[in-house]
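The structure appears below as C-alpha cells.
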Amino acid sequence: MKKTSAEEVVLEIKDKSELMVDLAYSSLLYNNKTIAEEVYDLENLIDDLYENLQRDTLEAVSKQQLTSDSALTIIKLAKAGEEIADAAMEIVDVQLRDVELHPIIRMSLKESDEVLSRVFVKKNSILSGKTLGELKLGSEIGMTIIAMRHKNRWLYGPNKKTLVESEDILFAKGPADAEKHLQDLADGKTMEI
Amino acid sequence: MGKEKHRHRIIGKLQRTPLWKKEEFSEIEYEPTPVKELLTEMKDISELIIDLAYSAVLLHNQEIAEEVRYLEVRMDKLNYDIRIMAMMAARSKEDAEQLAGILQIAQAAEKISNTAGDIILLMKENTEPVLPRILAKADERIYRLKVTEKSSGCNQTIGSLNIESETGMRIIAIRREDYWIYNPQSKSSLIANDIVIARGTDEGYKQLDEFFLGKKEDIK
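Take a look at the structure:
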C-alpha cells in the first residue's frame with residue numbers, strides 16, 4: 630500500500646463506490662458487460678483498500694497519531710463505502726448472468742430522476758480536442774462523465790485532465806433535460822455549451 | 010432565555026411520533042403497484058438517501074436524519090411489495106429467472122438505503138473535525154445555500170430554472186419556514202428565504218450562490 634493518509638483512502642473508497650453504482654446502472658441500461666466487469670474489479674480494489682485501512686487506522690491509534698474518535702469515524706465511513714460497493718456488484722451480477730435482462734429493468738432506469746446517457750463524439754463536435762476541465766460539463770450542462778471509451782481503451786471516473794477526442798464514447802449521468810443537450814453537442818449540432 | 014426556548018422547541022418536536030416510526034408500525038398492506046414503478050422509486054431513493062445521510066451528519070441535523078429513517082422504512086415496504094408483484098408475474102422458469110434479476114437489483118437498492126441508516130448513526134459519535142475534512146475533499150460536495158429576496162429565482166419552479174442542467178447542482182432538500190421538502194421535483198417552486206441543500210461541484214455552487222444572492226440576474 631502506498632503511503633497515503635487514511636483520510637485520502639476513505640475519500641477514494643467513497644468516491645469510487647458512488648461511481649460504481651452509476652457504472653452498475655449504466656451497464657444494465659446499455660447491456661454492457663465491459664462496464665459490469667470493471668465494477669467487479671473496482672469492488673476487489675475497494676475490499677483491499679478497506680482491509681488495509683482498518684489495520685493502518687488501528688496502528689495509527691496505537692502510535693497515538695490518531696484519536697479513537699477519528700479512527701472510528703474513518704472506519705465507519707469506509708465501511709459505508711464498502712457496503713455501497715457491494716451493492717453495486719450485486720447489481721452487475723444481474724448483467725453478467727447468462728439470462729436476458731427483463732425489459733422492465735431498462736424501462737425503470739429510463740424513468741428515473743437521474744438519467745444515464747451514452748453519446749458518440751462526432752468529428753465536428755465542439756467536445757472534441759478539449760479536456761473535461763475545459764468543458765466543465767458538470768457545472769455547465771449538469772452532466773457528469775462517469776466513463777468513456779477511447780479507441781479500445783476504457784476509462785472509468787475520468788478527471789479534469791482527461792482529453793475528449795472525436796470517436797470517443799461518453800457515458801454520462803445527469804438530469805433528463807440535459808441529455809439532449811449533450812447529444813447535440815456530441816453530434817456537432819450545437820456549438821454552444 | 011433564548012437557549013431555554015430552543016430546548017423547549019426540540020422537546021416538543023421529539024414528543025411527536027416520527028414519521029418513520031408510524032410507517033414502521035403501520036400494517037403492511039398489499040398495494041398492487043406495477044413492478045416498474047416500484048423499481049424506479051427504489052432506485053431514486055437509493056440515490057437520494059446517501060446524500061441526505063451525509064447532509065444530516067455534516068449539518069448535525071436530526072430532522073434530515075429522521076427523513077433518512079423514514080425512507081429506509083419505506084424502502085423495506087417497497088422491497089416487500091416488489092417481491093409479491095414479481096412472484097405473481099412468474100408464469101414459467103424463464104419468467105422466474107428474469108424476475109429474479111429485478112429482485113436482486115431491488116435488494117441492492119435496499120442495501121444502499123440500509124447503509125444510509127448506518128451513516129446517520131455517525132451522528133452519535135464525535136466526528137469533528139475528521140468527517141467534514143474528508144467530505145470537503147470529495148469530487149462532489151454538499152452545500153447549503155440561501156435564496157434571498159433579491160434573486161430572480163424567487164417564485165420560479167426548479168424545472169423552469171433548469172438548475173441542475175445549468176449549474177450541475179442537484180437539490181436534495183429545501184428548508185422552508187419550519188418544514189422540509191425532500192427531493193423537490195421540477196414542479197416545486199423556490200421562495201425567498203428558502204434554505205437549499207444541494208450536491209455538486211465548487212464551480213456549480215459559486216454559480217448558484219451568486220444567483221440566489223441576486224448578484225446575477227441570469228442563472229447561466
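So the protein lines, in turn, are chains A and B. Residue numbers for the first sequence, in this note's numbering: 630 to 822. Residue numbers for the second sequence, in this note's numbering: 10 to 229. C-beta atoms are modelled at their ideal positions from N, C-alpha and C, and glycine is treated no differently.
In this structure, DSSP gives Glu-636 of chain A a helical state, which the three-state scheme calls helix.
Residue environment for Thr-686 of chain A: buried (at least 16 other C-beta atoms within 10 angstroms of its C-beta). If you draw a straight line from the Cα of Arg-100 of chain B to the Cα of Glu-666 of chain A, it comes to about 31 angstroms. The shortest C-alpha to C-alpha distance from Glu-808 of chain A to any of A:Glu-712, A:Lys-789, A:Gly-767, A:Trp-783 is the one to A:Gly-767. Rounded to whole angstroms, the Cβ separation of Ala-115 of chain B and Met-51 of chain B is 6 angstroms, and the two are in contact under 8 angstroms. Your pair Glu-729 of chain A and Gln-113 of chain B does not check out as a contact, with CB atoms roughly 15 angstroms apart and the cut at 8 angstroms. Contact with chain B is absent for Thr-760 of chain A, since none of that chain's Cβ atoms lies less than 7 angstroms from the residue's Cβ. The beta strand (DSSP E) runs lying completely inside the stretch 29 to 99 of chain B and spanning 3 residues or more number zero.
With a threshold of 7 angstroms between beta carbons, Met-736 of chain A makes contact with chain B. Assignment of Glu-106 of chain B by DSSP, reduced to helix, strand and coil, places it in the helix class.
For Ala-689 of chain A, the secondary structure class from DSSP, reduced to helix, strand or coil, is helix. Annotated three-state conformation of Thr-210 of chain B is coil, per DSSP.
In the DSSP assignment, Thr-773 of chain A falls within the beta strand (DSSP E) that extends over 773 to 779. With respect to the 7 angstroms criterion, Ile-190 of chain B and Leu-640 of chain A are not classified as neighbours on the basis of their beta carbons. With respect to the 7 angstroms criterion, His-779 of chain A and Asp-797 of chain A are classified as neighbours on the basis of their beta carbons. Annotation: Gly-758 of chain A is outside any beta strand (DSSP E) and is labelled neither H nor E by DSSP. Think of a sphere of 7 angstroms around the beta carbon of Glu-743 of chain A: the chain B residues whose beta carbon falls inside it are Glu-56, in chain order. A contact between stretches requires three or more CB pairs, one per stretch, nearer than 8 angstroms, and the stretch 182 to 200 of chain B fails this requirement with the stretch 212 to 219 of chain B.
For Val-721 of chain A, no Cβ of chain B is located within less than 7 angstroms of the residue's own Cβ. A contact between stretches requires three or more CB pairs, one per stretch, nearer than 8 angstroms, and the stretch 80 to 90 of chain B meets this requirement with the stretch 55 to 67 of chain B. A:Leu-657 is the residue among A:Ser-646, A:Asp-742, A:Leu-657 whose C-alpha sits nearest the C-alpha of His-731 of chain A. Inside the stretch 664 to 731 of chain A, DSSP marks whole alpha helix (DSSP H) runs of 4 or more residues at positions 697 to 725, from first to last along the chain.
In terms of Cβ geometry, Ile-675 of chain A and Glu-711 of chain A form a close pair [threshold 7 angstroms].
For Asp-148 of chain B, the C-beta contacts it makes with chain A under 8 angstroms involve Asp-644, in order along the chain. Taking 4 residues as the shortest admissible run, the stretch 164 to 220 of chain B contains the following complete alpha helix (DSSP H) segments, listed from N- to C-terminal end: 167 to 170, 172 to 176. The residue among B:Leu-140, B:Tyr-152, B:Met-84 with its C-alpha nearest the C-alpha of Lys-120 of chain B is B:Met-84.
Pairing Ile-172 of chain B with Met-820 of chain A, the inter-Cα distance amounts to about 21 angstroms.
With the criterion set as a beta carbon lying under 8 angstroms from some beta carbon of chain B, the members of the stretch 676 to 710 of chain A are Asp-698, Ser-699, Leu-701, Thr-702, Ile-703, Lys-705, Leu-706, Lys-708, Ala-709, in sequence order. In terms of CA proximity to Arg-735 of chain A, B:Val-44 leads the group B:Val-44, B:Ala-201, B:Lys-229.
Less than 7 angstroms divides the Cβ of Arg-208 of chain B from the Cβ of Ile-151 of chain B.
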